[in-house]
Ligand SMILES: Cc1cc2nc3c(=O)[nH]c(=O)nc-3n(C[C@H](O)[C@H](O)[C@H](O)COP(=O)(O)OP(=O)(O)OC[C@H]3O[C@@H](n4cnc5c(N)ncnc54)[C@H](O)[C@@H]3O)c2cc1C
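The following block contains the structure:
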């Protein structure tokens, strides 16, 4: 076993941190306040190749491993302190791009991946619907084959990058009689007839990442935009993205927890009460100790999932353990960070106020904590 990062990984991490501190962090608080996505910041990150990291070089990517992609994600989270940016990045690379890379035919990969890898076209995934969230197989959007097209009807909601995306992987029912076995994946371009972006959704956190509905009103999708095999989209997309989603998309949270801990130590050393720095109180030290434990255990759970995936081994149980554990302790760490800052932690003066709003999404999006516990429990008892 070797738990060390290579010199190349350490150098890459440092370079990404420096970029993120210079280009992402400065406007993070304003973007949160204004709920504004910044295309300039996106383009700068794209110019450095961050939008196409895992895709093969022939499609404009860098062929980065899952571990390397996590290293970049962690560094973006640490240096950028803009969870919204990282959410949009993760949705673009992982749940938008990876299914096209993993399930697409050669023509589809040639057509879409270079634009996704360069960041020119922002991507995302449309699965959730108003009536189907945790019960994702219960989606109602239909896709009916007619005259060389699939005609899609339905509404997706809570879609990351909806307002800014050019291309989406969308799941729809091609066989209404079947549950998950009647769902197919499609590649949808913004300009397709009958496709529109619905209302933008205002959120509690991750506010620099735009979220919206996607509306399909007799949307004409050319048959060649079927992604993978008909009726195999649900498991196809799930299997293609599972470990990616439950490592790479969580990596920024690790960086976020680290920078937050550093800020808390600094604050605790500087803030005096009863004539002493609050860092001298054991109650505060215990909070810092818990935050350190959560950070380090999260980091190794995450890289374990990423490394296992790089070995070509599927481990859905550990993927759910990773999602459940990291998102829950990130929330607890954010809560302690506010507590350490006292009343000031509740004000917009300090980044911990934003961090606690951002952290909450982890336990909700991409499968709630309850659903992760359900998956882990079922796998443990063999059901
Ligand atoms: C900011 C944001 C971005 C998102 N981005 C995307 C995106 O890009 N693409 C996309 O497709 N979706 C996206 N989502 C949707 C997200 O994946 C869903 O919100 C999530 O899966 C939960 O579904 P729901 O909100 O409908 O909650 P519900 O399924 O209605 O759940 C409500 C509550 O009931 C619990 N519950 C439900 N079923 C069970 C059960 N069987 N046992 C125990 N408890 C249960 C849940 O855990 C939760 O606590 C995003 C959501 C947010 C908030």
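Numbering (our numbering), first residue to last: 11 to 393. Here a beta-carbon is modelled for each residue, glycine too, at the ideal position from N, C-alpha and C.
Where residue i sits in the DSSP three-state scheme
i	result
residue 98	helix
residue 166	strand
residue 411	Not covered by the structure: residue 411. The range shown for the chain is 11 to 393.
residue 326	helix
residue 282	strand
residue 345	helix
residue 291	coil
residue 196	strand
residue 60	coil
residue 139	strand
Residue range of the alpha helix (DSSP H) that includes residue i
i	result
residue 244	243-255
residue 188	Element bounds for residue 188: n/a, residue is neither H nor E.
residue 79	76-90
residue 54	49-57
residue 454	Lying outside 11 to 393, the shown extent of the chain, residue 454 is not represented and no answer is given.
residue 122	116-127
residue 17	17-29
residue 112	108-113
residue 381	379-391
Euclidean distance between Cα positions of residue i and residue j
i	j	result
residue 37	residue 393	48 angstroms
residue 46	residue 325	37 angstroms
residue 203	residue 235	14 angstroms
residue 149	residue 314	32 angstroms
residue 12	residue 143	39 angstroms
residue 92	residue 157	46 angstroms
residue 279	residue 305	20 angstroms
residue 344	residue 90	17 angstroms
residue 349	residue 41	25 angstroms
residue 317	residue 132	27 angstroms
residue 276	residue 351	11 angstroms
residue 257	residue 364	23 angstroms
residue 291	residue 320	44 angstroms
residue 135	residue 357	34 angstroms
residue 224	residue 33	30 angstroms
residue 28	residue 389	41 angstroms
residue 178	residue 387	32 angstroms
residue 153	residue 198	12 angstroms
residue 191	residue 185	8 angstroms
residue 116	residue 31	38 angstroms
residue 360	residue 367	13 angstroms
residue 56	residue 70	11 angstroms
residue 67	residue 219	27 angstroms
residue 74	residue 232	32 angstroms
residue 342	residue 299	13 angstroms
residue 282	residue 297	17 angstroms
residue 353	residue 17	42 angstroms
residue 201	residue 176	8 angstroms
residue 103	residue 303	29 angstroms
Residue i, enclosing beta strand (DSSP E) - first and last residue
i	result
residue 133	133-136
residue 178	177-183
residue 363	No beta strand (DSSP E) contains residue 363, which is instead part of the alpha helix (DSSP H) from 361-370.
residue 155	152-156
Any C-beta of chain B under 8 angstroms from that of residue i
i	result
residue 88	Among the protein chains of the structure shown there is no chain B, as only one such chain exists.
The segment 95-113 in contact with the segment 139-146 per 3-pair CB rule at 8 angstroms: Here the segment 95-113 does not lie against the segment 139-146, with fewer than 3 beta-carbon pairs under 8 angstroms apart.
Stretch-stretch touch, CB-based, cutoff 8 angstroms, three pairs: the segment 106-115 with the segment 34-52: Counting Cβ pairs under 8 angstroms, fewer than three are found: no touch.
Are the segment 121-129 and the segment 62-74 touching, with three or more C-beta to C-beta distances below 8 angstroms? Touching, per the Cβ criterion.
Only counting runs of 3 or more residues, tell me where the beta strand (DSSP E) segments fall wholly within the segment 200-240, in order along the chain. The segment 200-240 contains these whole beta strand (DSSP E) runs: 205-210 and 221-232.
Touch test, the segment 330-339 against the segment 371-388, Cβ-Cβ under 8 angstroms, three pairs minimum: Yes, since at least three Cβ pairs between the segment 330-339 and the segment 371-388 fall closer than 8 angstroms, the two stretches touch.
Are at least three pairs of beta-carbons, each pair with one atom in the segment 83-91 and one in the segment 240-254, less than 8 angstroms apart? At 8 angstroms Cβ cutoff, the stretches do not touch.
Stretch-stretch touch, CB-based, cutoff 8 angstroms, three pairs: the segment 201-216 with the segment 236-246: Flag = no, the segment 201-216 and the segment 236-246 do not touch.
Could you tell me whether the segment 282-290 touches the segment 261-271, using the rule of 3 or more Cβ pairs below 8 angstroms? Short answer: they don't touch.
Touching or not, the segment 224-235 and the segment 160-168, by the rule of three or more beta carbon pairs under 8 angstroms? The segment 224-235 vs the segment 160-168: in contact.
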